[in-house]
Structure formats: C-alpha cells, structure tokens
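Trainee: One structure is given below, represented as structure tokens, and several questions about it will come after.
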Amino acid sequence: MKVLVAYASERGGTAEIAEWVGAELLRTGVDAEVSPARDVTTLDGFGAVVLGGALYAGRWHREARHFVRHHAGALAERPVWLFSSGPLDRSADEGGLDPVPGVAKLARRVGARGHTTFGGRLDPGARGFLASRIAKRAGGDHRDRDRVRAWTDGIAADLRAVSA
Ligand SMILES: Cc1cc2nc3c(=O)[nH]c(=O)nc-3n(C[C@H](O)[C@H](O)[C@H](O)COP(=O)(O)O)c2cc1C
C-alpha cells in the first residue's frame with residue numbers, strides 16, 4: 001500500500017516535517033510519496049493519506065483545508081492521519097494540544113484516525129509586519145524530529161494492522 005504524505009506550508013517548516021514523515025515511513029518499509037497538497041489531483045493509487053498543515057492565525061493553511069474539501073469522498077474511504085505545525089514554544093511537545101476547531105471539524109468529516117500538533121519553526125529574521133514581530137519574540141525551530149518519528153511509527157504499525 002502506498003501512502004500519500006501531503007502538506008500545506010508557507011515557509012517550509014511543515015514541508016520538512018512531511019519529508020520526515022515520508023522518510024520514516026520508507027524506513028519502516030511503508031511505500032510513501034510526499035507532495036504539496038495543492039499538486040495532488042487524485043488519491044487513486046494511494047491506500048492511506050497523511051495530511052499536514054501549518055497553523056496561521058488559529059487556522060490550518062488554506063491549501064490543507066481545500067485539500068480536505070476537494071478530496072473528502074476519497075479521504076473518507078481511506079485511513080487518514082492529520083497533523084498541524086505551529087506552536088513556537090514547547091507546548092506541542094508537552095502534550096495534549098487539541099486540534100484547532102476548524103481542523104477538528106475536518107478530522108471528523110473524513111473520520112481521521114489521528115491528529116497531532118508539532119511545534120513550528122519561524123526564522124528569527126522573518127519578514128512581514130506580523131511575522132517579524134512574532135519572530136522577535138518566539139523565532140526559532142521548535143520542531144522535534146524524534147516526536148515526528150515516533151508518531152509516524154504509530155501510523156506504520158496501524159497500517160500493518162489494517163492490511164493484515
Ligand atoms: C503571522 C503568523 C501567524 C501564526 N499563527 C499561528 C497560530 O495561530 N498558531 C500556531 O500554533 N502557530 C502560528 N504561527 C507559527 C507558524 O505556524 C509556524 O511558524 C509554522 O512552523 C509555519 O509553518 P510553515 O513554515 O510550514 O509555513 C504563526 C506564524 C506567523 C508568521
């Protein structure tokens with residue numbers, strides 16, 4: 001079974017997490033393809049989907065939201081896992097962060113098997129009025145690759161159970 005790892009990212013941090021997920025799936029023997037969500041035209045050929053989106057102003061990146069709406073029928077027929085990336089502190093790794101309400105709703109819509117939030121990354125020199133202000137206060141890399149790996153290993157184990 002081939003897994004699609006799709007992502008919606010503005011500044012590359014979420015894209016890299018998706019690459020880590022894809023690499024870990026491959027390492028555990030699960031075939032995977034990583035792609036920007038906006039480039040995916042069909043889910044044919046994929047037995048399962050992992051979708052990740054960056055968080056901006058309390059919402060999932062619009063391309064992640066669009067992806068779910070556009071592929072809702074096909075997603076509902078497949079095992080799906082979602083992740084968000086955003087918090088510029090340790091809160092995501094301290095555990096128990098609920099998905100933002102919009103993501104929770106989309107997760108219900110497609111019957112997602114799981115959702116997690118990973119820390120985010122913002123270049124301390126980020127440009128833009130809001131981004132530069134946030135970056136001064138909380139810029140840096142708050143992503144934990146080990147946690148991404150561990151979460152992905154759970155997906156791989158689930159997939160093995162599904163296909164057994
Ligand atoms: C203008 C702006 C708004 C943001 N809003 C949120 C937010 O509401 N919640 C959150 O957890 N992170 C927020 N972040 C942090 C981003 O989600 C984080 O930088 C993330 O890693 C960005 O992903 P990307 O590099 O894939 O675009 C915000 C960052 C910026 C620059």
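Going by this note's numbering, the sequence shown opens with residue 1, and the numbers climb by one from there.
Where is the CB? At the ideal position from N, CA and C, for every residue including glycine.
Along the chain, where does the alpha helix (DSSP H) containing residue 66 start, and where does it finish?
Mentor: 62 to 70
Trainee: Taking Cβ positions, are residue 53 and residue 91 nearer each other than 8 Å?
Mentor: No.
Trainee: My guess is that residue 122 and residue 111 are in contact by the Cβ rule of under 8 Å, so how many angstroms apart are they, rounded?
Mentor: With 8 Å as the limit, residue 122 and residue 111 do not qualify as a contact, their Cβ atoms being about 32 Å apart.
Trainee: Where do the N-terminal and C-terminal ends of the alpha helix (DSSP H) with residue 9 fall, by residue?
Mentor: Unbroken run through residue 9: none, as it is neither H nor E.
Trainee: Could you tell me the distance, in whole angstroms, from the CA atom of residue 224 to the CA atom of residue 58?
Mentor: What the structure shows of the chain is the stretch from 1 to 164, and residue 224 is not part of that stretch, so it cannot be assessed.
Trainee: Under a Cβ-count criterion, where at least 16 other Cβ atoms within 10 Å of its own Cβ denotes burial, should residue 9 be classed as buried or exposed?
Mentor: buried
Trainee: Taking the beta carbon of residue 77 as the centre, do at least 16 other beta carbons fall within 10 Å, making it buried, or is it exposed?
Mentor: Residue 77 comes out exposed.
Trainee: Give me the residue from 18, 22, 26, 70 with the minimum Cα distance to residue 42.
Mentor: 70
Trainee: Indicate whether residue 143 and residue 120 have their beta-carbon atoms separated by less than 8 Å.
Mentor: yes
Trainee: Cutting at 6 Å between CB atoms, please list the residues of its own chain near residue 22, excluding the five before and the five after it.
Mentor: If we look at residue 22 and ignore the five residues flanking it on each side, its Cβ neighbours are 5, 32, 34.
Trainee: Under 8 Å Cβ to Cβ from residue 79, same chain only, skipping five residues before and after it: list those, please.
Mentor: 47, 48, 49, 113, 158, 159, 162
Trainee: Can you check the region 43 to 120 for any alpha helix (DSSP H) of at least 4 residues that lies completely inside it and give the ranges in chain order?
Mentor: Taking only runs of at least 4 residues, the alpha helix (DSSP H) segments lying wholly in the region 43 to 120 are 62 to 70, 72 to 76, 91 to 94, 101 to 110.
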